[in-house]
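Numbering-wise, this note's numbering puts 338 at position 60 of the sequence shown, and it's gapless, one number per residue.
Comments concern the structure below.
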Amino acid sequence: MIIQCPECKSRYRTRVMSSGQSALQIKCPQCSHRFLVSPQSPDPESQVAAEGKPKILLVDDARFFRELLTDLLKDYDSYLLTADTAEETWVLLHQHEIDLLIIDINLPDRNGLDLVKDIRADEQFKSLSILTISGVYRKDDDAKAAIRAGADDFISKSFKPEELSARIDKLLSR
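Written as structure tokens, this is what we have:
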């Protein structure tokens with residue numbers, strides 16, 4: 279379940295609450311605002327999808343980096359989903375119409391480049407924009423390997439925020 283802070287609009291993934299549970303009080307890690315979430319709360323994803331905002335799927339096993347990118351991307355007029363494994367990525371790709379996939383090439387359960395190859399091999403995802411990222415940067419080798427695998431672009435995790443924004447803008451405008 280995705281919840282959104284009504285104060286700062288930050289979004290977080292949480293385990294699905296059973297309908298028998300009462301409302302939970304949540305403290306937003308971003309702004310410390312406290313709010314209630316109940317199993318009957320409207321699904322924010324359906325509200326966002328109705329507004330026609332692009333969907334970005336961020337895949338990285340490092341929680342810190344997912345949170346950092348979430349903060350950098352919150353100014354985009356988009357809906358952000360996150361995953362930390364290749365398996366979860368496949369599930370989300372099949373459940374949502376994703377416009378941009380930002381994927382770490384070093385995932386714990388599978389090589390990210392192999393996942394990109396499989397995504398490109400699936401006719402359903404031929405037009406999906408893919409930005410690969412890596413913290414282990416070996417000059418141009420990773421970038422070339424990512425492009426050969428089917429990614430549209432590559433960026434090192436030591437990027438400057440404006441560089442990341444420019445690449446995302448380019449990929450979302452395709």
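Built from N, CA and C at the ideal position, the CB exists for glycine as well.
These numbers come from a predicted model, not from an experiment.
Sequence-distant residues of the same chain with beta carbon closer than 7 Å to residue i, five excluded per side
i       : result
Glu-365 : Asp-387
Cβ neighbour criterion (16 or more within 10 Å) applied to residue i
i       : result
Gln-282 : buried
Ala-399 : exposed
Arg-445 : buried
Val-369 : exposed
Asp-338 : buried
Asp-392 : exposed
Asp-362 : buried
Asp-419 : exposed
Arg-452 : exposed
Pro-320 : A caution first: Pro-320 carries a pLDDT of 43, below 50, which makes its placement in the model unreliable, though a value can still be read off. Exposed, because fewer than 16 other Cβ atoms sit within 10 Å of the Cβ of Pro-320.
Extent of the continuous beta strand (DSSP E) run through residue i
i       : result
Lys-333 : 333-337
Gln-282 : 280-282
Ile-411 : 407-412
Thr-360 : 357-361
Leu-385 : Per DSSP, Leu-385 belongs to no beta strand (DSSP E) and is neither H nor E.
Ile-446 : Counting along the chain, Ile-446 falls outside any beta strand (DSSP E), though it belongs to the alpha helix (DSSP H) covering 439-450.
Cβ neighbours of residue i in the same chain (closer than 6 Å, five flanking residues each side left out)
i       : result
Pro-439 : Leu-350
Phe-403 : Ile-397
Gly-413 : Lys-435
Under 8 Å between C-beta atoms of residue i and residue j
i       : j       : result
Leu-336 : Leu-371 : no
Gly-390 : Thr-360 : no
Lys-435 : Phe-342 : no
Leu-406 : Ile-381 : no
Ser-310 : Pro-332 : no
Lys-395 : Ala-427 : yes
Asp-430 : Leu-442 : no
Phe-432 : Ala-424 : yes
Leu-379 : Ile-408 : yes
Unbroken alpha helix (DSSP H) run spanning residue i, endpoints
i       : result
Asp-231 : The structure shown does not extend to residue 231, since the chain is modelled only from 279 to 452, so the question has no answer here.
Ile-425 : 419-427
Asp-349 : 341-351
Glu-365 : 364-373
Cβ neighbours of residue i in the same chain (closer than 8 Å, five flanking residues each side left out)
i       : result
Thr-348 : Ser-288, Arg-289, Leu-336, Leu-358, Thr-360
Arg-312 : Gln-303, Ile-304, Lys-305, Cys-306
Gln-308 : Cys-283, Cys-286, Ser-288, Asp-349
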